[in-house]
Structure formats: C-alpha cells, structure tokens
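Take a look at the structure below.
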Amino acid sequence: MPLIVTSLIPLVELLQARRSTMPYSLAVHRGPQHQSDRQNDQLPDPLCARRLLQRPQAAALLAALDDPDRGFDAIVVGEYERAFSANQLQHLTPVLEQHAVELWLPETEGPVDHHDPAHQALIMMLGAQSKREVQRARFRVVTAMRTQAREQGRYLGGRPPYGYRLTDAGPHPNAAQARWGRRLQRLEPDPATAGHVRWMFAQRLDGQSLASMARALNDAGIPCPSGVDPGRNPHRSGDRWTLRTVAAILANPRYTGRQVWNRQSADNDADASRSEREPIRRNPTVDWVVSTQQAHTALVSEQDFVAVQTIRSHRSAHDGTTRRYLFTGLLRCGPCGRRLESHWINQRPGYRCRHGHTSTQQSSNHRRKILYLREDHLIARLADHPRLPGGIQTPHDLVALLHKRKITIVCDHEHCTPTTERSAQANLRGS
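Each residue of the sequence shown is one higher than the one before, starting from 49 at the first, in this note's numbering.
In structure tokens, the structure reads:
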C-alpha cells in the first residue's frame, strides 16, 4: 500500500508532557482510504515558536497520536538541524513506539530503528551537531543584538514601557527583511500616559513614598499599565497600582531616552514548563547594554533618574542612618506564599507579610493576622537548623550560603524552614 504525504507540519518538543522539537516534518498516511479528506491539509506554523504550547498546529499533530483513526503511519523529518537538539529525540522515541508511528530521516535512508546500535549512535551524533549549531546561532544573534542596541539604539522588541507607544521608524535596513515587508519601530511618548511617568519621578524627587504615589494614582482613577494595555498583560488583573509597579517604572533607565537591552536573564530551562521555571531575575547592571546615544524622547533627565535611584538604594531613617536588611528576597510567608517585605521593628531590622494588603488599599476588617519577624530572631532560628550545614560563623556567611544554593526560608509565626525556591513554589501550587 503506497504511503501518501499529506501535511508539512513542524513538530516541536515532546518531553514528559508531550513536548518535542521536530520542525519541518511530514505526516504520512496509511493508505488511500484517508486521501480524500486529508490529501491537501496544510498546517503551517511560525518558525520562531519552538515550544509545543506556542505551536497549536504541532500540538494538533501530537494530539492526533491518540486517535486510532489519525490517518498516518510515520513522521518524516527533512532537516535534523531544525528538528531536534541534544537528547530530545530520545525522549520522543517511547511515545512514537507506543503509538506505532515511525520516524523517517534522510540520514537513515528510511525509518529509524531505535533498537539498532548504529541508528542510536547516529541519532546521538545528529543531536550533538544540532546542539552545536543552536549554540553558534545563539552567539551570532546575541552579538548582533548587542551591537544594534548599543551602536544603533534599535528597538529590539518586547512591550513598550508605560508612558511610551510604538511608532513606525521606516523600512528594515536588511534588504531581505525589507522585502518581507518588515519595518523598524521606535518608542515615542504616549500622550495619555507619559505625563503620569513624569509626575512619578517628580514626586519621588520631592520625597514622596512609593505607597503614597500608588495610593494617589488609585484614588485618581488612573489606569495602571496592565489596565492600559490588557492585551499584552493577560496574566495581570489590571485593576490597581501597586508598590512594585511604581518601583519598576522608577527603576527603568529607558525613560532617559536611551535604549537598554539585556536587563533580565533569558537563560531559562527550555524543557521546563512555565510554572517549573526559576523566577525571572534582573541581570547585574554591568551586563546591561545601553545605547551610546539617545534613541527616543526622554521622559526624565539622566541626572534626575540617577537621583531617584539614589533615593531607592540608600533611603535613610529620620535619624540619618541607613537601614539594611540581610534577608531581603530570601523569605516567603508559609500561610500565603508571598515574599516577606523589609520592615523596621522596634529599632531593629525585621520582615513582615501583610498577605496581599498594601498601603495603597483601604483597610478591611477581614484580614489575616500580619506576620512579623525580627531579623535577630530569624538568625537564632536558623543557627542550628538541621537542613543547613554547620560551621557558619556570621549572619553574612549564612546569607551568602542561601544565595549560593538558591535556598528560600519559608516562615510562619512559629517556624522558619529552609527550602529551594522551586519546592516553595510547588508547595504553594499544591495548597
């Protein structure tokens, strides 16, 4: 019975939850009985999306594996470099064998025999070659993006910061890209929101707290960033301003008119689901790529921006001293899972969790009891904790160890328990 090629479908990463990376594949029918309704099916996918959840047509092909009437016997890969990397194909093999679907490669001149040592060695070699090509391509792309951001001030994608909007900046300088109709974009002040950004910087320089600014914005009914652009922020409620929203705006150097790239790390585990990945963290400022010239209209001067950062970094108490907190970012609330915030308690550094309530909100009678924890009490609890190694001499050594091993301290009113950040997130999801 002849095999009938029916669909050009990129198949992507199929790991534990059916993720695989096999773009540019061919679904092959069992016979002519399915030809009439599937002969001309075309399932295009964007080349840039290599994750299963981001490629609905590839997900449809994988879902079809469970269908006994799926109508194809094999998947043919045209270019292994764009199909799989490292050991991804080995993870896909058991799924294909379970559903009696063959995998064809040009290098094997037919179907892959997953039990043939020669084919196994070939698959390992092709995976290593593909991984090498991925790393080389990544290096070239990152190098080009650094140059474009630094020397040209080019906008390289992403959501425009609050206070700006995107506008056309002319045809793409690459002739091939221009022939595809692609054009450059740049940032320009948004008449509806730019004034609010200028107001926040002015208020901060005038000594106003983040909470008072967020409260004033909420009281005035000014939409927060996710409320202004809900399409780009489907994961946020968009109902009010928060302290972190105001702080993030005041810390964004793009408001000085310079283009900034590589502020946050993109080195996430590609094989992990979104919920299993490490939290997105900012890169050190020395790794940021800042344009040598202004790339768009500034909403704040560079001098004022630097002054605001000084206020945020070295906020002094009423007596002129600087308050420092050793465990900032390392503590989570056991009952609600939120990070504890720094709080001065009885002339000592401490931490608290208000379980979602902030000074930007009106007080409520139905609030969970606030968790307060003094820093010296926290150090005492952790001094001889069985989950931590012995021989820690000073609190600074303890904090350095927690950062190095990515350990988070989960606290309640009675206990403090060291755990990994991933475990803390998993426990929170389970509860």
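Even for Gly, the Cβ is constructed at its ideal location relative to N, Cα and C.
Original post:
What residue ranges within the segment 193-281 form continuous alpha helix (DSSP H) runs of no fewer than 4 residues, ordered along the chain?
Top reply: 223-227, 242-253, 258-267 and 273-276
Original post:
Where does the unbroken beta strand (DSSP E) through Thr456 begin, and where does it stop?
Top reply: Ile455 to Cys459
Original post:
If we ignore side chains and look at the alpha-carbon of each, how far apart do Asn281 and Val356 end up?
Top reply: 27 Å
Original post:
Between which two residues does the alpha helix (DSSP H) containing Leu347 stretch?
Top reply: Neither: Leu347 is in no alpha helix (DSSP H) and is coded neither H nor E.
Subject >> Supposed close pair Asp115, Val149 - CB separation, criterion 8 Å >> reply: That pair is no contact at about 11 Å.
**OP:** Tell whether a beta-carbon distance below 8 Å holds between Tyr399 and Leu421.
**Re:** yes
Subject >> CA nearest to the CA of Gly126, picked from Pro159, Met193 and Ala268 >> reply: Pro159
Original post:
Would the beta-carbon of Arg246 fall within 8 Å of that of Leu347?
Top reply: yes
Original post:
Rounded C-beta distance between Gly404 and Thr345? I'm assuming under 8 Å.
Top reply: Gly404 to Thr345, Cβ: 37 Å. No contact.
Subject >> Check whether Val338 and Pro301 have beta carbons under 8 Å apart >> reply: yes
Original post:
Of all the options Pro237, Leu378 and Phe353, which has the alpha carbon lying nearest to the alpha carbon of Gly448?
Top reply: According to the sequence shown, residue 448 is Ala rather than Gly. For the set Pro237, Leu378 and Phe353, the Cα lying nearest the Cα of Ala448 is the one of Leu378.
Original post:
Is Phe187 helix, strand or coil when you go by DSSP?
Top reply: It is helical.
**OP:** For the segment 207-218 and the segment 159-171, state whether three or more C-beta atom pairs, one from each stretch, are separated by less than 8 Å.
**Re:** Segments in contact, no.
Original post:
Which value, in whole angstroms, describes the spacing of the CA atoms of Thr340 and Pro209?
Top reply: 20 Å
**OP:** Hey, could you find the ends of the alpha helix (DSSP H) Ala296 is sitting in?
**Re:** Leu291 to Leu298
Subject >> Bounding residues of the alpha helix (DSSP H) (the contiguous stretch that carries Thr427) >> reply: Looking at the sequence itself, residue 427 is Ile, so the reference to Thr does not match. Judged by DSSP secondary structure, Ile427 falls within the alpha helix (DSSP H) whose first and last residues are Glu423 to Leu430.
Subject >> Cβ contact (3+ pairs, closer than 8 Å) linking the segment 219-231 and the segment 244-264 >> reply: no
Original post:
Can Ala108 be considered in contact with the ligand HEM, in the sense that its beta carbon sits closer than 7 Å to one or more heavy atoms?
Top reply: For the structure depicted, the ligand HEM is absent and the ligand set is empty, with no information on it obtainable.
Original post:
Is it right to say Asp238 is buried, meaning 16 or more other beta carbons lie within 10 angstroms of its own, or is it exposed?
Top reply: buried
Original post:
Along the chain, where does the beta strand (DSSP E) that runs through Asp121 open and close?
Top reply: Phe120 to Val125
Subject >> Ser313 in three-state terms, based on DSSP >> reply: Taken through DSSP and simplified to helix, strand or coil, Ser313 comes out as coil.
Subject >> Reference Leu450; option with closest CA among Asp460, Cys459 and Thr468 >> reply: Thr468
Original post:
What do you get for Ala268, buried or exposed, if any count of 16 or more other CB atoms within 10 angstroms of its CB means buried?
Top reply: exposed
Original post:
For Arg396, which option in Leu374, Gly385 and Arg380 has the closest C-alpha, if you only look at C-alpha atoms?
Top reply: Leu374
Subject >> Three-state secondary structure assigned by DSSP to Pro466 >> reply: strand
Subject >> Inter-residue spacing [alpha-carbon to alpha-carbon] between Asp424 and Arg329 >> reply: 28 Å
Original post:
Measuring CA to CA, which of Ile359, Ser349 and Val308 is closest to Pro332?
Top reply: Val308
Original post:
Grouping DSSP H, G and I as helix and E and B as strand, with all else coil, what is Ile42?
Top reply: Here the chain has residues from 49 to 479 only, and residue 42 is not among them.
Original post:
Looking at C-alpha atoms only, which residue of Leu153, Ala295, Gln233 and Val182 is the closest neighbour of Gln256?
Top reply: Ala295
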